[in-house]
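Working notes, beginning with the structure itself.
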Amino acid sequence: MLVIKRKVSESILIGDDIEIIISEISQDKVKIAISAPQDIKITRKELAETCEFNKIASEKINEISLNDIKNKLKAIKN
Amino acid sequence: MKIKTRDFGEILVGEEDIINFTTGIYGFDDYKKYIILKDSPEDDIMFLQSLDNMELSFVLIDPYAIFIDYNPILNEDDLCELKSTGTAELKYLVIAIIKDDIKESVVNLKSPIAINPNNRTAKQVILQNEYPLRYNIVSTEEGNKC
Chain D
0 MLVIKRKVSE SILIGDDIEI IISEISQDKV KIAISAPQDI KITRKELAET CEFNKIASEK
60 INEISLNDIK NKLKAIKN
Chain C
0 MKIKTRDFGE ILVGEEDIIN FTTGIYGFDD YKKYIILKDS PEDDIMFLQS LDNMELSFVL
60 IDPYAIFIDY NPILNEDDLC ELKSTGTAEL KYLVIAIIKD DIKESVVNLK SPIAINPNNR
120 TAKQVILQNE YPLRYNIVST EEGNKC
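First to last, the protein sequences are chains D and C. If you read the first sequence in numbering that gives the first Met the number 0, its first letter stands for residue 0, the second for the next number, and so on. If you read the second sequence in numbering that gives the first Met the number 0, its first letter stands for residue 0, the second for the next number, and so on.
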């Protein structure tokens, strides 16, 4: 993986038409501005992972497994 | 009203039981109306059944049953969307993936369903907290890293 140090207002170019600009840095957050063509999909990683998670979670489940979990949760409680 | 469910056949629900999502669950954006189904009121495990699509249902778990110190921090936009004044009045439920092997069953602590009980509005929110997206329901030998 390529690692580059940048300061506020400096930017990185990816290919010919994607620019990532460091716009603000605070204690534990960085604000970035992205300039890219319309057809490039930009998503926060955790959002994409949540989508993926939800797809699997929507699959029909086995009743025995569900009862197993139910009993475990009850056991934790007691 | 009578509704069709994926796992429990036809059941009767009240208009007041319906939960309206402001933004659909991620990946299922078109479906906004859901109902929560429970076997018994004490259960920590329940179903989120879609009213717009009978085949769509999720297993939800009360996060406090498995992670006592759960303390979600929402951003201002999410609170505004839920018409909520603060995180304390909201109820949280997490989506589960239930596998045949109980040790592989996980919940998403990073993106819970936040429900405002006052107006029955809900949203799947991505928390500011650094919670794991896949947290084992039953602790494995190495334990959950959180």
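A virtual CB, placed ideally from N, CA and C, is assigned to each residue, including glycine.
{"Item": "Assigned exposure category for Thr-22(C) - 16 Cβ within 10 Å defines buried", "Value": "exposed"}
{"Item": "C-alpha gap between Glu-45(D) and Phe-7(C), whole angstroms", "Value": "32 Å"}
{"Item": "Span separating the alpha-carbon of Ile-96(C) from that of Glu-88(C)", "Value": "27 Å"}
{"Item": "Closest residue to Gln-48(C) among Ile-17(C), Asn-128(C) and Ile-72(C) (Cα-Cα distance)", "Value": "Ile-17(C)"}
{"Item": "Asp-77(C) versus Phe-46(C) - alpha carbon distance", "Value": "23 Å"}
{"Item": "Interface partners of Asp-43(C) on chain D, CB under 7 Å", "Value": "Leu-72"}
{"Item": "Cβ separation of Asn-135(C) and Lys-102(C), assumed to be a contact under 8 Å, to the nearest whole Å", "Value": "7 Å"}
{"Item": "Through-space distance from Pro-131(C) to Asn-74(C), alpha-carbon basis", "Value": "18 Å"}
{"Item": "Min CB distance Gly-8(C) to chain D below 8 Å", "Value": "no"}
{"Item": "Own chain partners of Gln-127(C) with C-beta closer than 8 Å, once the 5 adjacent residues on each side are dropped", "Value": "Ile-72, Leu-73 and Asn-74"}
{"Item": "Span of the alpha helix (DSSP H) around Ser-64(D)", "Value": "62 to 76"}
{"Item": "Proximity below 8 Å, CB of Phe-20(C) to CB of Lys-122(C)", "Value": "yes"}
{"Item": "Boundaries of the alpha helix (DSSP H) in which Phe-52(D) is found, first to last residue", "Value": "44 to 56"}
{"Item": "Element boundaries [alpha helix (DSSP H), containing Leu-12(D)]", "Value": "From DSSP, Leu-12(D) is part of no alpha helix (DSSP H) but of the beta strand (DSSP E) over 10 to 13."}
{"Item": "The segment 21 to 36 of chain C in contact with the segment 52 to 63 of chain D per 3-pair CB rule at 8 Å", "Value": "yes"}
{"Item": "Chain C residues whose Cβ lies nearer than 9 Å to that of Glu-24(D)", "Value": "A small correction: the amino acid at residue 24(D) is Ile; Glu does not occupy that position in the sequence shown. By Cβ distance, chain C contributes nothing, its closest Cβ being about 17 Å from Ile-24(D), past 9 Å."}
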